[in-house]
Amino acid sequence: MAKNVQFMMGNHAVAEGALYAGCRFYGGYPITPSTEIAERMAERLPQVGGRFIQMEDEIAAMASVIGASLAGAKALTATSGPGFSLKQENLGFAALCEIPVVIVDVMRGGPSTGMPTGPSQSDVMQAKWGTHGDHPIIAVTPASVQEQFNETVRAFNLAEKYRCPVLVLTDAIIGQMMESLVIPEPGELEVIDRLQPDCPPEEYLPYDMDKDINPMPAFGSGYRYHVTGLHHDETGFPTNDPVLHTKNTKRLIEKLEKNYDDIVKVEEFYCDDADILVFAIGVTARSAKDAVLQAREQGIKVGLVRPLTIWPFPDKHLDKLISANNVKGIVVPEMNLGQMKFEVERVAKGRCEVEGLYSLMLDPILPSEILEKIRRFA
Amino acid sequence: MAYDYSRFLRNEKLPHIWCPGCTYGIVLKSFIRAIDSLGWDKNEIVVASGIGCCSRLPGYVDFNTLHTTHGRSIAFATGVKIANPKLKVIALGGDGDMTAIGGNHFIHACRRNIDITVLVFNNNIYGMTGAQYSPTTPKGAWATTAPYGMPENNFDVVNLAIGAGASFVARSTAYHATHCEKMIKEALLHKGLSVVEIINACPTGFGRKNKFKSPTSMLLWMKDKAVQKAKADKMSPEELADKLVIGVLHKEEKPEYVESYDATVGLNKGE
Ligand SMILES: Cc1ncc(C[n+]2csc(CCOP(=O)(O)OP(=O)(O)O)c2C)c(N)n1
Ligand code: SF4
Chain A
38 MAKNVQFMMG NHAVAEGALY AGCRFYGGYP ITPSTEIAER MAERLPQVGG RFIQMEDEIA
98 AMASVIGASL AGAKALTATS GPGFSLKQEN LGFAALCEIP VVIVDVMRGG PSTGMPTGPS
158 QSDVMQAKWG THGDHPIIAV TPASVQEQFN ETVRAFNLAE KYRCPVLVLT DAIIGQMMES
218 LVIPEPGELE VIDRLQPDCP PEEYLPYDMD KDINPMPAFG SGYRYHVTGL HHDETGFPTN
278 DPVLHTKNTK RLIEKLEKNY DDIVKVEEFY CDDADILVFA IGVTARSAKD AVLQAREQGI
338 KVGLVRPLTI WPFPDKHLDK LISANNVKGI VVPEMNLGQM KFEVERVAKG RCEVEGLYSL
398 MLDPILPSEI LEKIRRFA
Chain B
146 MAYDYSRFLR NEKLPHIWCP GCTYGIVLKS FIRAIDSLGW DKNEIVVASG IGCCSRLPGY
206 VDFNTLHTTH GRSIAFATGV KIANPKLKVI ALGGDGDMTA IGGNHFIHAC RRNIDITVLV
266 FNNNIYGMTG AQYSPTTPKG AWATTAPYGM PENNFDVVNL AIGAGASFVA RSTAYHATHC
326 EKMIKEALLH KGLSVVEIIN ACPTGFGRKN KFKSPTSMLL WMKDKAVQKA KADKMSPEEL
386 ADKLVIGVLH KEEKPEYVES YDATVGLNKG E
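Here is the structure:
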């Protein structure tokens, strides 16, 4: 059968990926450079029996997707820097209450209104620490239009499987550019739905703390329970017990750590024998790939570590490569002033040099700039 | 035989957190009787709240309950309703919750006329955080953040809701418990966005420092102030100046949001 190939914009590919994954609700608020996701969803959702709403602000948009998810729908919202900041309080609610939702952040230059049309990668840390308190978060980082689609499907799967908010952390270039996209046939990619209870309603515990993941019935399904953003016990009711609060917070974070191998996806490009590494995500990783190929032509043993999951951070992958390959140096190019570099340094633990390559210039970092840094280690 | 509230309560979660003399318990009972009188299936009912003393109410009732973030109950409820319009959705919160931090959600829900019932528990103060002034604190009244008297003008919740486009707006008080039950019931039956402002007493935060000697005196204040709509219609503006009109203050038929959406986009889900 002929493949369904389309020439599509990255933001539209996110919308199509969401629909493929079964998303049937979108609540959003327009902001450049993410708006095409909302526009596409407004058009496409009714065609598949779903509903779209433009809320009054991003706080409301984030709240609406959580409400929709509780009512049983897979739900999406998309935004960019300033809107992502506004979503943070309710993002924390989703994390604590274990509500599956997917949030796209098409990164643009900040802080504040910043550079509305300028691409950036400066929300890497906001993605991880934007909401208050210790909390779990998963963030996927696509680098092509095809990955915008596939990683959005994966984001929904991870959200449903781990009952956790999942971010698609992309940037204005990947979001706005057009490339060919092969739309997978139904069934070609795995689509995961949240676990449903198999016990009678009176025995159902929404937050059994001895389990990593509890089933999540929809409001209206006959399982009546309480959801609160206060720390709660296994029945979902508020508790002030510090022991329980500690246990539950750790449980939320550990449920991701324990499933590192399932959640953290990394492309290792020419890494087998590499004693120099480049660590990059998104659009920067595309330049980095080019730089690695050019360096290889010059006989330099360099490889690219390209996380498709940036949170949880790919500690294990990086740690293993650094030891196994006796790595001399790691170059970390990023379109911010060094947010990922500190994480790479943390994993390197002084075993090798880590060199940042930062840019706020709104153009992608060039392969030649990355190559120059690689050569310093060669 | 005494009315049996326990059928609707999560009895194991009691006692509630409210202070002695707080009127929220009275309203909880009116709320339960209103729902009971409709004979709805508990599984179909969703009660969302924000943050504040009254927002702890959902924890005590045996429905699908959602205690959200400060001011956001209507926004969460909007998502619930759109994802499953068969659900009966109620959003409640305090005057701070609904008219300060959540004011934007309040007016936009009214404008959309989405089929949600909004209950505003107005005690003229931020109860939970210890008596700071809210957008409904009367001018001159004392609050911890208005130690010289409230300097700001206040909102009239009913006029705000009508102005924003709500299709059903009523007011009642905790003193008028049976009337309150009736207002809530009518609001629940109304298709579209319905608002009931329920005047409440916070003796701990508001009453003590505003010359109310006891919780009872606050209830008696409600009794004295309140005038039923039918009677108020016959009174002059001067006579009404110091009064609080209770009853159904606005009601109109207009298209409900989800139905309008579905019709506009050509969606027929058979709901
Ligand atoms: C974002 C945020 N800001 C502030 C608070 C603190 N806070 C909790 S309840 C509340 C006010 C509650 O007053 P109201 O909504 O009138 O309800 P009441 O307690 O009187 O029932 C405030 C300011 C909060 N929880 N979250
Ligand atoms: S502080 Fe006021 S509103 Fe809160 S429970 Fe006490 S009396 Fe009621």
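Chains as they are written, first to last, in the numbering used here: chain A, 38 to 415; chain B, 146 to 416.
Where is the CB? At the ideal position from N, CA and C, for every residue including glycine.
- Closer than 9 Å at the C-beta level to chain B, one finds these residues of the segment 245–259 of chain A: ALA255, PHE256, GLY257, SER258, GLY259.
- Neighbours of MET92 of chain A across chain B, judged by C-beta separation under 7 Å: ALA220.
- Within the chosen limit of 6 Å, ligand 2 does not reach the beta carbon of CYS134 of chain A with any heavy atom.
- With contacts defined by Cβ atoms closer than 7 Å, LEU211 of chain B and VAL264 of chain A form a contacting pair.
- Under the Cβ criterion of 7 Å, ILE227 of chain B is counted among the residues facing chain A.
- For secondary structure counted as the alpha helix (DSSP H) over 4 or more consecutive residues, the segment 300–340 of chain B holds these complete runs in sequence order: 302–309, 322–334.
- Looking at the DSSP output, SER122 of chain A bridges to nothing.
- The Cβ-Cβ distance between ARG261 of chain A and ASN209 of chain B falls below 7 Å.
- Three or more Cβ pairs closer than 8 Å define a contact, and the segment 76–84 of chain A meets that threshold against the segment 42–60 of chain A.
- Rounded to whole angstroms, GLU239 of chain A and TYR205 of chain B show a C-alpha spacing of 16 Å.
- Counted as a single uninterrupted DSSP element, the stretch harbouring VAL280 of chain A is not any beta strand (DSSP E) but the alpha helix (DSSP H) occupying residues 279–294.
- Distances from the CB of THR281 of chain B to the heavy atoms of ligand 2 are all 6 Å or more.
- For ligand 2, a non-hydrogen atom lies closer than 6 Å to the CB of CYS347 of chain B.
- Listed along chain A, the residues sitting closer than 7 Å to LEU211 of chain B by beta-carbon distance are LEU107, VAL264.
- For SER360 of chain A, the nearest beta carbon of chain B is not closer than 7 Å to its own beta carbon.
- The C-alpha of ASN345 of chain B lies about 9 Å from the C-alpha of MET363 of chain B.
- A distance criterion of 6 Å places the beta-carbon of ASN268 of chain B in contact range of ligand 1, judged by its closest non-hydrogen atom.
- The bridge partners DSSP lists for ARG88 of chain A are A:PHE62.
- The beta carbon of THR361 of chain B sits closer than 6 Å to none of the beta carbons in its chain outside the five residues before and after it.
- Pairing ALA58 of chain A with VAL219 of chain A gives a Cβ-Cβ distance that is not under 7 Å.
- Interface with chain A (7 Å Cβ-Cβ cutoff): HIS161 of chain B is excluded.
- In this structure, ALA97 of chain A keeps its C-beta atom at 7 Å or more from the C-beta atom of VAL143 of chain A.
- Residue-level contact by beta carbon holds for SER101 of chain A and chain B, with a gap shorter than 7 Å.
- In the displayed model, ARG145 of chain A falls within a strand according to three-state DSSP.
- In terms of CA proximity to LEU202 of chain B, B:LYS158 leads the group B:ASP186, B:PRO165, B:LYS158, B:LYS226.
- With fewer than 16 other CB atoms across the displayed protein chains lying within 10 angstroms of its CB, PHE44 of chain A is exposed.
- B:ALA286 is the residue among B:GLU326, B:ALA286, B:HIS335 whose C-alpha sits nearest the C-alpha of PHE357 of chain B.
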